[in-house]
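In the working numbering, the protein residues as written are 10 to 324. Notes follow the structure.
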């Protein structure tokens with residue numbers, strides 16, 4: 010029996026509504042899991058993708074840029090709808106970003122930055138203002154010490170945006186105080202273990218650390234390792250040596266509540282929601298997207314640390 014054309018059209022329309030919309034597929038090349046903050050960042054992205062019904066292809070680069078580049082090339086080959094990258098370092102991205110652009114795949118940069126001459130190679134960057142984080146940490150320390158302080162600095166990964174910019178912001182502020190000096194500065198690679206190891210070496214080089222006023226750490230994980238080194242050197246962290254950092258991870262709030270750390274500038278790990286918002290807008294045809302989407306957290310001290318720790322741990 011021949012179905013009338015009008016019914017054929019109605020049937021086709023009904024079937025089209027019955028078909029579920031194709032899920033968006035997004036590849037995410039993450040730095041690794043060098044810190045509690047980074048782990049929270051990854052978990053937040055995965056949870057947000059699941060909530061939205063987005064198929065997420067996740068790659069842990071284990072702090073190696075070559076692994077990230079390999080992952081991005083794999084995402085391009087798989088013809089994902091979009092790619093997110095939290096880059097290990099700023100440089101060396103041009104060739105693989107060009108490949109993604111030629112394939113028509115938008116790339117969103119999360120957290121750390123990349124350095125390319127052609128900004129059209131990526132869609133947007135979503136991150137905190139790392140320079141401002143360094144400035145806030147320094148302003149707190151200068152206020153606590155009246156601008157008179159010998160400082161040890163634990164840098165993040167060499168070449169990483171967070172390390173470069175936090176160092177700049179901090180130095181911009183203390184440069185206004187002639188009696189504030191960074192006497193030693195060395196990378197702790199953003200890890201707790203390396204932070205402890207480097208702090209031990211710096212304290213030894215400084216005759217045990219008796220003349221040191223403060224530790225400025227580019228993230229909480231290194232600071233927590235350094236706190237242990239300060240204790241083992243026979244000094245009281247948080248008293249003999251002030252400790253100021255960036256991230257706002259639960260373990261650091263615990264240290265502040267116990268009096269062994271003093272201040273931290275919060276870095277939100279919840280970058281998945283704004284990233285997926287941008288990707289969904291772009292895939293929906295919206296091209297009016299800011300090149301930089303900035304989020305910067307507040308500075309927290311010992312006064313509210315116990316309460317903040319309970320909030321973050323559900324305790």
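The C-beta atom is built at its ideal place from N, Cα and C for all residues, glycine as well. These figures come from a predicted structure and were not determined experimentally.
- Boundaries around residue 163 are those of the beta strand (DSSP E), 158-164, since no alpha helix (DSSP H) includes it.
- With a 10 Å radius around the Cβ and a threshold of 16 neighbouring Cβ atoms, residue 293 comes out exposed.
- Within the region 107-183, complete beta strand (DSSP E) segments of at least 3 residues are found at 116-119, 133-136, 158-164, given in chain order.
- Counting along the chain, residue 66 sits inside the beta strand (DSSP E) bounded by residues 64-69.
- Contact between the region 225-236 and the region 159-167 is established, with three or more Cβ pairs separated by less than 8 Å.
- Contact holds between the region 274-291 and the region 119-135, because three or more Cβ pairs, one in each stretch, are under 8 Å apart.
- The alpha carbon of residue 167 has as its nearest neighbour, out of 300, 74, 48, 61, the alpha carbon of 74.
- Between residue 301 and the set 137, 238, 33, 85, the nearest pair of CA atoms involves 137.
- According to the DSSP assignment, residue 186 belongs to no alpha helix (DSSP H), since it is labelled neither H nor E.
- Along the region 203-279, the alpha helix (DSSP H) occurs as fully enclosed runs of 4 or more residues at 229-241, 259-266, listed in sequence order.
- When DSSP states are grouped into helix, strand and coil, residue 51 belongs to the helix group.
- In this structure, the straight-line span from the alpha carbon of residue 144 to that of residue 178 is close to 4 Å.
- Three or more Cβ pairs drawn from the region 308-320 and the region 258-268 lie within less than 8 Å of each other, which places the two stretches in contact.
- In this chain, the alpha helix (DSSP H) harbouring residue 84 covers 74-86.
- Unbroken alpha helix (DSSP H) stretches of 4 residues or longer found wholly inside the region 288-323: 311-322, given in chain order.
- Of 194, 247, 47, 38, the smallest CA-CA separation from residue 154 is found for 247.
- Residue pairing from DSSP places residue 196 in a beta bridge opposite 164.
- Its chain contains 234, 235, 237, 238 as the residues whose beta carbon lies nearer than 7 Å to that of residue 205, once the 5 sequence neighbours on both sides are disregarded; these appear in chain order.
- Per DSSP, residue 33 lies in no beta strand (DSSP E) segment and is marked neither H nor E.
- Contact between the region 195-211 and the region 43-54 is present: three or more C-beta pairs spanning the two stretches fall below 8 Å.
- Within the model, the alpha-carbon separation for residue 147 versus residue 303 is close to 20 Å.
- Residues of the same chain with a CB within less than 7 Å of the CB of residue 149, apart from the 5 flanking positions on each side, are 253, 272, 308 in chain order.
- Secondary structure note for residue 91: its beta strand (DSSP E) is the uninterrupted segment 91-94.
- Nearest to residue 55 by C-alpha distance, out of 35, 295, 297, is 35.
- With a cutoff of 8 Å on beta-carbon distance, residue 79 and residue 37 are scored as not near each other.
- Between residue 159 and residue 221, the C-beta spacing is below 8 Å.
- Check the Cα spacing between residue 100 and each of 126, 185, 194: the tightest is with 126.
- Less than 8 Å separates the beta-carbon of residue 255 from that of residue 175.
- Beta-bridge annotation (DSSP): residue 38 is paired with 68, 94.
- Only buried fits residue 72, as 16 or more other CB atoms lie within 10 angstroms of its CB.
- Between the alpha carbons of residue 142 and residue 186 lies a distance of about 18 Å.
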